[in-house]
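Residue numbering for the sequence shown follows my numbering, starting at 61 and increasing by one per position.
We put the CB at the ideal spot given by N, CA and C, even for glycine.
I have placed the structure first, in the form of structure tokens, so that the comments after it can refer back to it.
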Amino acid sequence: MTTKMSTLPIFTTLATQLDLDLSAMRAIPGHTMPRPYRDLLVHEGDMTQRLEQHYRDAILLKPLQVIREPHQLLRKVVLTNSNGHLVEFGVIRIFLDAFDDEVRPLVESCRYPLGGLLARFSIPRRSDLQGFFRIESDTTLNQIMGLDHTTTLYGRLNRLATDADRTLAEVVEILPP
């Protein structure tokens with residue numbers, strides 16, 4: 061799969077709103093991504109469940125920045141395992157109106173990974189993968205990921221949608237080295 065270039069402005073705008081510069085992002089075909097990144101990123105499932113399987117551990121959410129708007133929630137987050145080891149960095153726009161009164165407060169609490177809530181409440185959804193990329197870490201990414209030098213990182217752009225094609229979330233997911 062190659063990146064759907066028409067969707068890149070959506071993700072760039074999302075990242076910019078959360079003070080993240082993705083100008084160094086370069087689209088790549090998923091099959092060219094090196095392992096283990098390919099195994100973790102190139103699939104149409106939820107990242108939370110994939111990371112839980114890979115690390116054989118619960119995945120926890122640590123919000124770095126949250127912007128609350130009436131109908132959407134923008135988050136810059138890190139996901140960690142139970143030992144605090146960083147397993148993913150992401151930025152996400154969550155469309156709150158897509159969630160019912162039981163789930164929405166849990167989403168708004170910013171205490172749980174969205175993928176975990178979707179699984180926990182058996183919310184029907186699909187991944188509408190927008191593409192894969194590599195990016196050279198900058199000062200911001202180095203700080204977030206605890207890196208001391210520029211490093212090639214890999215990620216994906218994803219849109220989570222209902223079976224009726226209603227957008228639940230738009231996500232930029234980047235794995236640590």
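Given a cut-off of 8 Å, decide if residue j and residue i are closer than it, judged by their beta-carbon atoms.
i: residue 235; j: residue 101; result: yes
i: residue 168; j: residue 120; result: no
i: residue 300; j: residue 213; result: Nothing can be reported for residue 300, as the shown portion of the chain is limited to 61 through 237.
i: residue 194; j: residue 86; result: yes
i: residue 218; j: residue 189; result: yes
i: residue 229; j: residue 152; result: yes
i: residue 180; j: residue 220; result: no
i: residue 125; j: residue 79; result: yes
i: residue 107; j: residue 192; result: no
i: residue 170; j: residue 123; result: yes
i: residue 127; j: residue 77; result: yes
What whole-angstrom Cβ distance do residue i and residue j have, given they're in contact under 8 Å?
i: residue 175; j: residue 109; result: 6 Å
i: residue 105; j: residue 98; result: Not quite, the Cβ-Cβ distance comes to about 14 Å (not below 8 Å), so this is no contact.
i: residue 147; j: residue 115; result: 6 Å
i: residue 155; j: residue 131; result: 7 Å
i: residue 83; j: residue 118; result: With a Cβ gap of about 34 Å, residue 83 and residue 118 do not count as contacting.
Which term fits residue i, buried or exposed, when burial requires 16 or more other beta carbons within 10 angstroms of its beta carbon?
i: residue 237; result: exposed
i: residue 162; result: exposed
i: residue 66; result: Because residue 66 carries a pLDDT of 49, less than 50, the predicted location of this residue cannot be relied on, and no value is offered for it.
i: residue 224; result: exposed
i: residue 140; result: buried
i: residue 60; result: Outside the shown range of the chain (61 to 237) lies residue 60, about which nothing can therefore be said.
i: residue 135; result: buried
i: residue 173; result: buried
i: residue 233; result: buried
i: residue 129; result: exposed
| request: Report the residue ranges of all beta strand (DSSP E) runs contained in full by the stretch 117-201; include only those spanning at least 3 residues, in chain order. | output: 120-128, 132-140, 146-155 and 186-196
task: Let me know the alpha helix (DSSP H) ranges lying completely inside the stretch 198-222, each 4 residues or longer, listed in chain order.
output: 199-205
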